[in-house]
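A quick write-up on the structure given underneath.
Protein chains: 2
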Amino acid sequence: MTDFSESINCLDCTNSSACFKKLIPSELEFINQNKTQILYRKGENICKQSAFASYVLYISNGLVKLYLESPNNKNINVKILKTSEFIGLSSIYGENIYNYSAVALEDSNICLIEKESIRKLLNNNGNFASEIIKWYCTSENQLFNKIKSLGHKQMHGRLADTLLYLSDENFNQEDLFSKLSRQDIADFSCISTESAVRLLAELKNDKIIEVDGKHIKILEKEKLLDISKKG
Amino acid sequence: MTDFSESINCLDCTNSSACFKKLIPSELEFINQNKTQILYRKGENICKQSAFASYVLYISNGLVKLYLESPNNKNINVKILKTSEFIGLSSIYGENIYNYSAVALEDSNICLIEKESIRKLLNNNGNFASEIIKWYCTSENQLFNKIKSLGHKQMHGRLADTLLYLSDENFNQEDLFSKLSRQDIADFSCISTESAVRLLAELKNDKIIEVDGKHIKILEKEKLLDISKKG
DNA sequence: TAGAAATATTGAAGAATATCAATTATTTAC
DNA sequence: GTAAATAATTGATATTCTTCAATATTTCTA
Chain H
1 MTDFSESINC
11 LDCTNSSACF
21 KKLIPSELEF
31 INQNKTQILY
41 RKGENICKQS
51 AFASYVLYIS
61 NGLVKLYLES
71 PNNKNINVKI
81 LKTSEFIGLS
91 SIYGENIYNY
101 SAVALEDSNI
111 CLIEKESIRK
121 LLNNNGNFAS
131 EIIKWYCTSE
141 NQLFNKIKSL
151 GHKQMHGRLA
161 DTLLYLSDEN
171 FNQEDLFSKL
181 SRQDIADFSC
191 ISTESAVRLL
201 AELKNDKIIE
211 VDGKHIKILE
221 KEKLLDISKK
231 G
Chain D
1001 MTDFSESINC
1011 LDCTNSSACF
1021 KKLIPSELEF
1031 INQNKTQILY
1041 RKGENICKQS
1051 AFASYVLYIS
1061 NGLVKLYLES
1071 PNNKNINVKI
1081 LKTSEFIGLS
1091 SIYGENIYNY
1101 SAVALEDSNI
1111 CLIEKESIRK
1121 LLNNNGNFAS
1131 EIIKWYCTSE
1141 NQLFNKIKSL
1151 GHKQMHGRLA
1161 DTLLYLSDEN
1171 FNQEDLFSKL
1181 SRQDIADFSC
1191 ISTESAVRLL
1201 AELKNDKIIE
1211 VDGKHIKILE
1221 KEKLLDISKK
1231 G
């Protein structure tokens, strides 16, 4: 966690999400005055669940794994965040702590933005706030899907959901699998690592996926969707 | 689903959430023009998962169970909503469908509000939007807790979470249990009804809860918290 | 590049949990 | 108020899944 990159001015930032496009130049300058940019190296923790949330974090450039820590020291991987997404947004109004932990999957430039300045903008600029609400709408849907997956599906269905999620085109064919361990895949599905390995072997055998070390390729998406549906 | 109640004018409504308090009279009048109020009887469905979401729903007065339906026709109960809460808010910007189903646990007055009018207000009134964001912050936290509960806890921990949730003081000592079946309790915990019954019997035996038909009373909250923590 | 550490893999045994079946209790509808 | 329908309960069995243990493979480090 060191600031090696020259910090970009928000007005020049090419990685701004939809919400920042709703800001007028003076507001962008205001954000610029109240942020710091930091480079997190691959594997470094960007935030820790339950830690005091001093800032809202914004991925200016990078790839981040968001996960929940359980008291029995098992993790639940919730989602992968990419460039232009927020981390810890809910700390602006909710409890003043991070609800989850996040770790960089590759070197990532993260902007730390003062919570109070975000709050100010939200109150003054309904268009900005609306974009944030849009983000929450999508995010809520994702969480409901996770609950559906964990709630009543068994191993096969849950692993299928994970594979479909990680291979989704909205990650722009980034090969996420190469950045994740078998345990990561298991933690997305909330199954044991051993079960994940065994099921992957089965899927490989059935020619539904291709496995070559870390690299995993979906051969028969339809069948995976089927397994996901059946639970 | 019939409109027997005289529809209250939003300007006079005493059950308005924090967000509506941020509206100026003309905006409230605007909402009033674009809403209908309907009385749902106990047991009636207020919205169905995957159905076209024409309106945002607001509980003017009532009690509602929100649940997810799975293809294998098992339900997951997500939460109980009470007076002054929204249902289907995320349909304003997300997919144009309800992400979940909702059923009235008691006769409930529900306001159907035009989505477009809410959108208009959000864009024009940052304070209103900020209150909605506040709501999302809390809601997100609840969903993460649900994921934590389902993800790695086993039966005992999950049932404990359910009992703690349903007996929480934020429901103003409403006896929720009397309105829920054993299957409802099981569906909150995502365990089989039989398991729920068995575990309740155990907890009763251990004098951690008192059970009298539907009525359930927590005797030893600390022990339940313990079970919840251990998972 | 060798050795050490971490990760992945496989099999076998055991624990957790669902399902099925049968019975009893409660609620609903006429 | 009674019959029918629904919900709750209990036991026995079957399935799913984790855990433990042993080994193989990969990655990291000096």
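Protein sequences appear in the order of chains H and D. Under this note's numbering, read the first sequence as residues 1 to 231, first letter to last. Under this note's numbering, read the second sequence as residues 1001 to 1231, first letter to last. All C-beta atoms in this analysis are idealised placements derived from N, C-alpha and C, irrespective of residue type, glycine included. Predicted model, so just to flag it, every value in this text is computed and none were measured.
What residue range does the alpha helix (DSSP H) around H/Q37 cover? Along the first sequence, one-based indexing puts residue 37 of chain H at 37. From DSSP, H/Q37 is part of no alpha helix (DSSP H) but of the beta strand (DSSP E) over 35-40.
Whose C-beta lies closer than 8 angstroms to the C-beta of D/Y1093 among residues of the same chain, with five residues either side of it excluded? What you label residue 1093 of chain D is simply residue 93 of the second sequence in a count that begins at 1. Here the set comprises R1119.
Please work out which residues of its chain come closer than 7 angstroms, Cβ to Cβ, to D/R1041, disregarding the five sequence neighbours upstream and downstream, and give them in chain order. For the purposes of this step, residue 1041 of chain D is taken as the residue at position 41 of the second sequence. Excluding residues within five positions, the ones whose Cβ falls inside 7 angstroms are A1104, D1107.
Less than 8 angstroms separating the beta-carbons of D/L1159 and D/F1177? By one-based count along the second sequence, residue 1159 of chain D stands at place 159. By one-based count along the second sequence, residue 1177 of chain D stands at place 177. Against a cut-off of 8 angstroms, the Cβ pair of D/F1177 and D/L1159 comes out as no contact.
Using a C-beta to C-beta distance shorter than 7 angstroms, which residues of chain H count as neighbours of D/T1036? The residue labelled residue 1036 of chain D in the question sits at position 36 within the second sequence. Near D/T1036 there are no residues of chain H at all, since even the closest Cβ is about 23 angstroms away, more than 7 angstroms.
State buried or exposed for H/N109, treating a residue as buried only when at least 16 other CB atoms are found within 10 Å of its CB. On the first sequence, position 109 is the one that residue 109 of chain H refers to. Counting Cβ neighbours within 10 Å, H/N109 comes out buried, since at least 16 surround it.
With distances taken Cα to Cα, identify the nearest neighbour of D/L1057 among D/S1091, D/F1030, D/K1230, D/T1014. Reading the second sequence from its first residue, position 57 is the one you call residue 1057 of chain D. D/L1057 has its Cα closest to that of D/S1091, out of D/S1091, D/F1030, D/K1230, D/T1014.
Given that a residue counts as buried once 16 or more other Cβ atoms are within 10 Å of its Cβ, and exposed if not, what is D/S1026? Reading the second sequence from its first residue, position 26 is the one you call residue 1026 of chain D. So D/S1026 counts as exposed.
Whose C-alpha, out of D/K1074, D/N1061, D/L1121, is nearest the C-alpha of D/E1029? Against the second sequence, residue 1029 of chain D aligns to sequence position 29. Per the Cα distances, D/L1121.
Is it true that the region 193-210 of chain H meets the region 143-159 of chain H, where meeting means three or more beta-carbon pairs spaced less than 8 angstroms apart? yes
With respect to the alpha helix (DSSP H) encompassing D/S1108, which residues constitute its N-terminal and C-terminal limits? Your numbering for residue 1108 of chain D matches position 108 in the second sequence. No alpha helix (DSSP H) holds D/S1108; the beta strand (DSSP E) holding it covers 1108-1114.
Can you name the residues of chain D whose CB is closer than 9 angstroms to the CB of H/Y55? Looking up residue 55 of chain H in the first sequence gives position 55. Within chain D, no residue comes near H/Y55; the closest Cβ sits about 15 angstroms away, beyond 9 angstroms.
Let me know the secondary structure DSSP gives H/S17 once reduced to three states. For the purposes of this step, residue 17 of chain H is taken as the residue at position 17 of the first sequence. It is coil, neither helix nor strand.
Please check if any C-beta of chain H sits within less than 8 angstroms of the C-beta of D/Y1058. Working through the second sequence from its first residue, we reach residue 1058 of chain D at position 58. Cβ-Cβ to chain H under 8 angstroms: no for D/Y1058.
Take the Cβ of D/E1222 as the centre, count every other Cβ of all protein chains shown within 10 Å, and call the residue buried at 16 or more, exposed below. By 1-based counting over the second sequence, the position of residue 1222 of chain D is 222. Exposed, because fewer than 16 other Cβ atoms sit within 10 Å of the Cβ of D/E1222.
Name the DSSP bridge partner or partners of H/Y58? On the first sequence, position 58 is the one that residue 58 of chain H refers to. BP columns for H/Y58 point to H/F86, H/C111.
Using beta-carbon positions only, say whether H/D175 and H/H215 come within less than 8 angstroms of one another. Position 175 of the first sequence holds residue 175 of chain H. Position 215 of the first sequence holds residue 215 of chain H. In this structure, H/H215 lies closer than 8 angstroms to H/D175 by Cβ.
C-alpha gap between D/E1069 and D/K1079, whole angstroms: To locate residue 1069 of chain D, count along the second sequence from 1; it is residue 69. To locate residue 1079 of chain D, count along the second sequence from 1; it is residue 79. Cα to Cα, D/E1069 sits roughly 13 angstroms from D/K1079.
Reference D/I1168, options D/L1143, D/W1135, D/K1217, D/N1045, closest by Cα: Locating residue 1168 of chain D in the second sequence gives position 168, where the first residue counts as 1. Note on residue identity: the sequence assigns Asp, not Ile, to residue 1168 of chain D. Of the listed residues, the one whose Cα sits closest to D/D1168 is D/K1217.
For H/L164, list the residues DSSP reports as bridge partners. Taking the first residue of the first sequence as 1, we reach residue 164 of chain H at position 164. Beta-bridge pairing links H/L164 to no other residue.
For H/Y267 and chain D, any beta-carbon pair shorter than 8 angstroms? Absent from the model: residue 267 of chain H. The displayed extent of chain H is 1 to 231, so no value can be given.
For D/D1175, which three-state DSSP category applies? Counted from its first residue, the second sequence places residue 1175 of chain D at position 175. Coil at D/D1175, not helix or strand.
Taking DSSP's pairing of strands, which residues face D/F1144 in a bridge? Taking the first residue of the second sequence as position 1, residue 1144 of chain D is located at position 144. Looking at the DSSP assignment, D/F1144 forms no beta bridge with any residue, so it has no partner.
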